[in-house]
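Per my numbering: the sequence shown = residues 19 to 86. Built from N, CA and C at the ideal position, the CB exists for glycine as well.
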Amino acid sequence: MYVCICHSVTDKAIRKAVKQGHETLEAIQQELKVATCCGRCKHHAREVIEETLNPETFDFNLMQGAFA
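As structure tokens, this is what we get:
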């Protein structure tokens, strides 16, 4: 799914970058340019990063508001 429309960044691309060692939003922004244009995707990008870093503790209920 696209997280950042401005730069065509998907959740899969963010997960891949996190697994390659880019573990903060700032690092992901430098690597993929996500959340560097309009900024509307910043919250979702953070969720994807957190989910990737902590899959066993990530609360999927946090994302319910994103799709409501």
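DSSP-derived helix/strand/coil call for Thr-28: strand
Run through the DSSP bridge pairs and tell me what Cys-22 is partnered with. Val-27
Residue environment, Ala-86, which counts as buried when at least 16 other CB atoms sit within 10 Å: A caution first: Ala-86 carries a pLDDT of 47, below 50, which makes its placement in the model too unreliable to give a value.
Would you report the Cα separation of Ile-32 and Ala-63, rounded to the nearest angstrom? 8 Å
Hey, would you say Leu-50 sits closer than 7 Å to Val-27, going by beta carbons? yes
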